[in-house]
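Note sheet for the following structure.
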Amino acid sequence: MHTCKNSGEQQSTNPCAEYLFLDDTSCNLASLNLLKFSDDKGTFDVESYRKAAEITSIALDIANDAASYPIKDIAEISPEFRTIGLGYANAGALLMRKGLAYDSEEGRAFMSGLTAILTGVSYETSSKLAEKMGVFTHFEFNKNSMREVMKRHRSGLENIVWEHVPEDIKREAYSAWNNVVEKSQTFGFRNAQATVIAPTGTISFLMGCDTTGIEPGLSLLIGKDLAGGGRVILVNNEVQNALKNLGYNGKQIKEISDYVGEEVKKDEAGNSIF
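Put into structure tokens, the structure is as follows:
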């Protein structure tokens, strides 16, 4: 899946391991909060999701020129490949809202569909940018390997169990990837890489997420140690809505919520709940 094989080998990842590329390159990251594209019942707004992926990809490309870099080598080579890293957060909470088990074929299929759209739209946007603003510096040197990877991405759509995925998600995924393969033959790409799924440990909490990147919810109550000392207990706010969507009645939801609340009080009193 290396898009720039002629420019060198990929030897290592960044510390969190979501970004793999050439030495001395950096990646500008951003994540979309998936719950923001869902109603309370878990119905997903594909059109808004697509538009957000497109706009954020453009913003990340701009960051390649606007960002500051810690050392000269990184500052010189990064804008030559213009790698960006669009991703998402709150996948676990979205699956919970939809009543889908995280470790299930249905859950994996649904998230595969959303991931296919995210990556396809980001590369499609990259090709549109290339049409107007030009390709990244080393594209011509690597165009064959990059186009090969894009075709491999598109063929990967056949591995998704689409029977578990809404039709509008499937339609958008195929549309985006067909556009990527077609447009890139003429216009190439502005960015050597477009997407990563970062852990989003702290960013996800700043965005109001119940879960982080692609990970499931660790528990109904999550303890987080703070870098400056101290510890906070975070409550998964999606619990009540998920129970409602799973068919629990009001009395049952209240009893479960009260139980979770009692566990919070116990933890504040110093008793372990993990």
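With this note's numbering, you'll find the sequence shown wraps up at 290, consecutive numbering, no jumps. Every residue gets a Cβ at the ideal spot worked out from N, C-alpha and C, and that includes glycine. The structure displayed is predicted, hence computed values, not measured ones.
Determine, using beta carbons only, whether residue i and residue j come nearer to each other than 7 Å.
i: Tyr118; j: Pro215; result: no
i: His180; j: Ala125; result: yes
i: Ala296; j: Tyr139; result: Examination of residue 296 is not possible in this model, given that the chain is present from 17 through 290 alone.
i: Asn106; j: Asn49; result: yes
i: Leu110; j: Leu51; result: yes
i: Glu254; j: Met112; result: yes
i: Glu147; j: Phe205; result: no
i: Gln256; j: Ser235; result: no
i: Thr19; j: Met162; result: yes
i: Thr227; j: Gly150; result: no
i: Ile213; j: Ile238; result: no
Whole-angstrom Cβ separation of residue i and residue j, contact assumed at under 8 Å?
i: Ile100; j: Asp77; result: 6 Å
i: Ile93; j: Thr41; result: 6 Å
i: Ser23; j: Leu36; result: At roughly 14 Å, the Cβ-Cβ gap does not stay under 8 Å, so Ser23 and Leu36 are not in contact.
i: Val137; j: Glu70; result: 6 Å
i: Val62; j: Glu188; result: 5 Å
i: Phe97; j: Ala208; result: 4 Å
i: Ser200; j: Met223; result: Not really, about 31 Å apart at Cβ, beyond 8 Å.
i: Ser73; j: Thr141; result: 4 Å
i: Val196; j: Ser143; result: 6 Å
i: Ser47; j: Ile219; result: 6 Å
i: Lys57; j: Asn261; result: 6 Å
i: Ala91; j: Tyr85; result: 4 Å
Taking the beta carbon of residue i as the centre, do at least 16 other beta carbons fall within 10 Å, making it buried, or is it exposed?
i: Ile289; result: Reliability fails at Ile289, whose pLDDT of 45 lies under 50, so the model's placement of it is uncertain and the value that follows must be treated cautiously. Ile289 comes out exposed.
i: Thr59; result: exposed
i: Glu34; result: buried
i: Gly266; result: exposed
i: Tyr104; result: buried
i: Met127; result: buried
i: Tyr65; result: buried
i: Cys123; result: Going by the sequence as given, residue 123 is Gly instead of Cys. Gly123 is buried by the Cβ-count criterion.
i: Val177; result: exposed
i: Ala243; result: exposed
i: Lys186; result: buried
i: Ala285; result: Since pLDDT at Ala285 reaches only 49, below the 50 mark, its modelled position is unreliable, and the value read off the structure follows with that caveat. Exposed.
i: Cys225; result: buried
i: Cys43; result: buried
In the DSSP output, what is residue i paired with across the bridge?
i: Ile100; result: Asn44
i: Ser2; result: The shown model of the chain, from 17 to 290, leaves out residue 2, and the question about it has no answer.
i: Asp241; result: Arg247
i: Asn49; result: Ala105
i: Thr211; result: Leu102
i: Phe60; result: Ser54
### Message
When you compare the segment 242-258 with the segment 129-144, are there three or more beta-carbon pairs, one atom per stretch, that lie closer than 8 Å?
### Response
no
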